[in-house]
Structures are given as structure tokens and as C-alpha cells.
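Q: To get my numbering, take the position in the sequence shown, counting from 1, and add 70.
Where a beta carbon is used, it is the ideal one built from N, C-alpha and C, also for glycine.
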Amino acid sequence: MSKKLASKIKAEAIKQGFVLAGITAPTPPPHLRNYLDWIAEGRHASMGYLADERARTRRANPKLILPEAESILLLAAPYPDPKLASARSAVDVKRSKGRISAYAWNDDYHITLKEKLIHLVEFIEEEVGHEVPNRWYTDTGPILEKDLAQRAGLGWIGKNTCLINPKIGSYFFLAEIFLGIKLPPDEPFSSDHCGTCTRCLDACPTQAILPNRTIDANLCISYLSIENKGEIPKELRPKLGNLIFGCDICQEVCPWNKKAKPDRSSRPVRFEGKIDSHPNLIKEFSLTPQEFNKKFKNNPVKRAKRRGYLRNIAVALGNAGNPEAIPVLEKAKDDIEPLVRTHAEWALRAIKLKEEK
Ligand code: B12
Ligand code: SF4
Ligand code: SF4
Numbered sequence: 071m072s073k074k075l076a077s078k079i080k081a082e083a084i085k086q087g088f089v090l091a092g093i094t095a096p097t098p099p100p101h102l103r104n105y106l107d108w109i110a111e112g113r114h115a116s117m118g119y120l121a122d123e124r125a126r127t128r129r130a131n132p133k134l135i136l137p138e139a140e141s142i143l144l145l146a147a148p149y150p151d152p153k154l155a156s157a158r159s160a161v162d163v164k165r166s167k168g169r170i171s172a173y174a175w176n177d178d179y180h181i182t183l184k185e186k187l188i189h190l191v192e193f194i195e196e197e198v199g200h201e202v203p204n205r206w207y208t209d210t211g212p213i214l215e216k217d218l219a220q221r222a223g224l225g226w227i228g229k230n231t232c233l234i235n236p237k238i239g240s241y242f243f244l245a246e247i248f249l250g251i252k253l254p255p256d257e258p259f260s261s262d263h264c265g266t267c268t269r270c271l272d273a274c275p276t277q278a279i280l281p282n283r284t285i286d287a288n289l290c291i292s293y294l295s296i297e298n299k300g301e302i303p304k305e306l307r308p309k310l311g312n313l314i315f316g317c318d319i320c321q322e323v324c325p326w327n328k329k330a331k332p333d334r335s336s337r338p339v340r341f342e343g344k345i346d347s348h349p350n351l352i353k354e355f356s357l358t359p360q361e362f363n364k365k366f367k368n369n370p371v372k373r374a375k376r377r378g379y380l381r382n383i384a385v386a387l388g389n390a391g392n393p394e395a396i397p398v399l400e401k402a403k404d405d406i407e408p409l410v411r412t413h414a415e416w417a418l419r420a421i422k423l424k425e426e427k
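(1) Is the closest heavy atom of ligand 2 to the C-beta of A278 under 6 Å?
(2) Can you tell me where the beta strand (DSSP E) holding I93 begins and where it ends?
(3) Hey, would you say the C-beta of N235 is under 6 Å away from at least one heavy atom of ligand 3?
(4) Of the residues P308, E297, S261 and V202, which one's Cα is nearest the Cα of S141?
(5) Look at the alpha carbon of A147 and the alpha carbon of A402, and state the distance between them as a whole number of angstroms.
(6) Does T412 get closer than 7 Å to chain C when you measure Cβ to Cβ?
(7) From T97, L351 and T231, pick the residue whose C-alpha is nearest to that of E394; which is it?
(8) What is the DSSP secondary structure of F362, reduced to helix, strand or coil?
(9) Does the stretch 284-293 come close enough to the stretch 242-253 that 3 or more CB-CB pairs lie under 8 Å?
(10) Suppose the cutoff is 7 Å on Cβ atoms and the five residues either side in sequence are ignored; what does the same chain contact list for H274 look like?
(11) For K80, I'd like the list of residues in its chain whose CB is within less than 7 Å of its CB, leaving aside the five on either flank, ordered along the chain.
(12) Helix or strand or just coil, what does DSSP make of F341?
(13) Counting Cβ pairs closer than 8 Å, one from the stretch 213-226 and one from the stretch 186-201, do we hit at least three?
(14) Please name the residue in G199, K252, G316 and K229 whose C-alpha comes closest to that of C267.
(15) Examine the Cβ distances between the stretch 352-362 and the stretch 170-188 and report whether three or more of them are shorter than 8 Å.
(16) Suppose you measure from the CA of S159 to the CA of E322; what does that come to, to the nearest Å?
(17) Please classify I181 as buried or exposed, where buried requires at least 16 other C-beta atoms within 10 Å of its C-beta.
(18) Confirm, please, whether the CB-CB distance from P212 to R129 is below 7 Å.
(19) Taking only three categories from DSSP, how would you classify N204?
(20) Would you kindly work out how many angstroms separate the C-alpha atoms of D122 and E246, rounded to a whole number?
(21) Per DSSP, which residues does N235 bridge with? Please list them.
(22) Could you give the first and the last residue of the continuous alpha helix (DSSP H) run that contains F193?
(23) Does the Cβ-Cβ distance between G316 and I296 come in under 7 Å?
(24) Just verifying my parser: in three-state terms, what is the DSSP assignment at E138?
(25) When you compare only the Cα positions, how much space is there between G112 and L102?
(26) Check each candidate in I251, L387 and A115 and name the one with the smallest Cα separation from K73.
(27) Does DSSP put E82 in a helix, in a strand, or in coil?
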């Protein structure tokens, strides 16, 4: 097992823009039990792909993903710190503006990281002088990414369930490359830096965070506004406030993100969002299918589809209670999407109720 090769690979990963790199073996993840209990309790909501046979067997045994695998390289790629936009746009809290999660301000990481992962595989093959069986993923693989990343030494799993690194916080994506070569594994990150802190649990608007460091997706705003394809339960709508795609709250309150500098990647970082992180809700609600597709072509927001995105905006408009939204909401009663129509009707009722008070 070459330590020198491992160091070279990690150095190349950092050169490519990753901020953390570590190695672990393709053995079963340490906290598989938590995942099995989680799906048995239905905490995955409608995300059936997390609970099927393929999902369970592969998570239990990473070797099933690539039988030749001898090592897994775990990587972290930074995304913007939400406080960069808060500083830029103090109107954040003015409720006619929506909020889009920081991870979605730029092009979809499923697309942008692909190139870097392929480059790393090529680099490794050049170094060893032959082809190396490999398989890479970011997010979409049947893997407990955080559990493996913790074992590869990248950080600890916080009470908010995110992987946190003491130097850089938690605003990063995880990616991994399964490799058919033996590399020396890193020491697992064994300390827990949450201590007695409960800020994330206290701040979560829907109390979605469970005591065993898992999330009840049925309650999580990130799930409700992105993965959920149906109605948002009426009793939860007020809790969404002005969040129209994803949620960063349990990370924003985390002291480890407050400490982390926005330029944690040691490169100059400005506000680099390609899309408006705090769009005007009334304007955004008027997006036609063509405009939506154009605006979010390579952006994570497209995952919600126009009907999910406008559903979320209708809820935010209802929560804002601004009567100026009435004309666009009235118009949406004829929208092609039933989901948009029902949520617009709810928003109109919510605004009228607020007016009567
Ligand atoms: C499904 C999913 C979701 C669901 C469910 C989230 C959840 N926490 O389970 C929803 C839609 C809600 C979601 C939301 C978000 N997600 Co998501 N999501 C995933 C996905 C695809 C699977 C997660 C999963 O398997 N959950 C099931 C539970 C049981 O597993 P787990 O969360 O890994 O939990 C483990 C720990 O709790 C551990 N554990 C429990 N106790 C202890 C104790 C110790 C000491 C240790 C070490 C471990 C441990 O055991 C569990 C099993 O290993 C992963 C990618 C992947 N393939 O892993 C991305 C992923 C977790 N998501 C990610 C992101 C960025 C987000 C959001 C921030 C997006 C947003 N802004 O809206 C939010 C964050 C919400 C939150 N606080 O978790 C990143 C997280 C990066 C990081 N730094 O941690 C990931 C890794 C995707 C990626 N490749 O970057 N997500
Ligand atoms: S992402 Fe938001 S809703 Fe989900 S657990 Fe964190 S604070 Fe709660
Ligand atoms: S807010 Fe506190 S408890 Fe929650 S993840 Fe951060 S340090 Fe841990």
C-alpha cells in the first residue's frame, strides 16, 4: 500500500478544488443499523429509492457496487456560505423575497463535479501505469456517504446529521471514487464536537431532527420543497416561511459554520451565485414552463420541476400575506398544473385571513 501514491492523489484532489480528501476501505459502514431503523420507521417519506432491495444491499456492502474495489476515496467540494448572500441582500427577511438554498446557487454539482472525478481517475491511472477498476458518485449512489466520510477522517456527523469538519464547517458536497487498488486508509474522525449544543434542534422550524442523528424527512423542509412531488401538508405550510427550495437553517445556526470563514477554500470567494438566491416571489411565480426550463437548465432547482417550485412559491406568498400577490395567485387558479392551482388557492385564503385580522 503506497502512502506516497495516496498523498499524491489527495494533493491532486485539492488542486482540482476539493477541500477535503480521505481514504477508507470498502467494508460495511459503521452505522448501518441507523439507516435500517430509519427506513423501517418510514422516515424516508416518499423517497422509495432509499429503501428498496438494491439500496439496502449496496449500503450494507459497498463491495457490491464494485467487486474489485479495495479502497474508497472520499472527497468534499465546497458550496457558498449562505451568509455571503445575507450580507449582500439585507432584504432577505423582507417577506416578498424567497430564499433558495446555498447549494443551489450555482450549476448542479452532479454535473460540475463529474469532470473533476473523471480527471482524478485518469490521474490515478497515469500514476499507477495501468487501468484501475473504478466507480464514482456524488449524492446519487446507493451509499451512506456521510458514514464513509466520517470513517475516512473528513469530519463528524453532527446532531443536524450533516458531516462537519472543524476547520471548514459543513457547507460542502460529498463525492467518492471506488478504486480497484489498495491505498492506506485514513484514521476515522472519532471525536464528536457537538458537545451539549442543541442549536440546530432548537432552530429547526418543524422539529424534523431526531435524537439519534437522523432526520424525519416527512417533516424536513428540504424534503418537502425538493423531493416531495405532491401536496405540502397544510399544517406544515406556515413553517416554510419564505423557503422556496431547500433549507439551510440547521447549518446556519451551527457554531462550526459561524466560525468557518467564507473563504474556507483558501481561494478568494465572492458571492458567486449564478441565480438570484432571494428572488422576488411575485415575479418568480409568473414563470412559464419555457422560462422555468431556461432559467434552471443546469441548476438543482430543476429537480423540483416547475410545478414543485411554484407550489413552494405559492406557500411562501401565502405566508408573506402580501395583498399585492393576489392578481398572480388569482391567475394561477387556471394554471396547467393542479398542484400549482391548489396551493395558489390556499395562498389566497391565507392572505385574505391575514387581511381580515
Ligand atoms: C436522502 C437525502 C436527504 C433527505 C434526508 C436527509 C437525511 N439527513 O437523512 C433530505 C431530502 C431531507 C435531505 C436534505 C438535505 N441534504 Co441530503 N442527502 C440525502 C442522501 C441522498 C441520502 C442520505 C441518507 O441515506 N439518509 C438516511 C440516514 C439514515 O442516513 P444518514 O443521514 O447518512 O445518517 C447516518 C448518521 O445519522 C449516522 N449516525 C447516527 N448516529 C451517529 C453517531 C455517530 C458518532 C456517527 C459517526 C454516525 C451516526 O447513521 C446514519 C447511517 O449511517 C445523501 C447522499 C448519500 N448517498 O448519502 C444526501 C446528503 C446527505 N445531502 C446533502 C445535503 C447538502 C443536504 C441539504 C443541506 C440540502 C439543502 N440545503 O436543503 C439538506 C440537509 C438536511 C439535513 N440536516 O440533513 C449532502 C450532505 C453533505 C454534508 N456536509 O453532510 C449529502 C451527503 C449529498 C452530497 N453528496 O453532498 N437529504
Ligand atoms: S433542513 Fe431545515 S427543516 Fe430540515 S432538519 Fe434542517 S432546519 Fe429542519
Ligand atoms: S448546531 Fe450544535 S448540535 Fe447542531 S450540529 Fe452544530 S454543533 Fe452540533
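A: In short, the structure shows the following:
(1) yes
(2) Run containing I93: L90 to T94, per the beta strand (DSSP E) assignment.
(3) no
(4) It is V202.
(5) If I take the Cα positions, the gap works out to 39 Å.
(6) Within the model displayed, chain C is absent; a lone protein chain is all it includes.
(7) L351
(8) Helix, per DSSP.
(9) no
(10) A small correction: the amino acid at residue 274 is Cys; His does not occupy that position in the sequence shown. Same-chain partners within the cutoff: I319 and C320.
(11) A91
(12) Bear in mind that a pLDDT of 47 at F341, under 50, signals an unreliable position, so the number given afterwards is only what the model happens to contain. Three-state DSSP puts F341 in coil, outside helix and strand.
(13) no
(14) Comparing Cα-Cα distances from C267 to each of G199, K252, G316 and K229, the minimum goes to K229.
(15) no
(16) For S159, the predicted structure reports a pLDDT of 47, less than 50, and the residue's modelled location is therefore unreliable. A value from the coordinates is still provided. S159 and E322: Cα-Cα distance of roughly 16 Å.
(17) exposed
(18) yes
(19) strand
(20) One C-alpha to the other measures close to 22 Å.
(21) Partner(s): G239.
(22) Y179 to V198
(23) yes
(24) coil
(25) In this structure, the alpha-carbon of G112 lies about 16 Å from that of L102.
(26) I251
(27) helix
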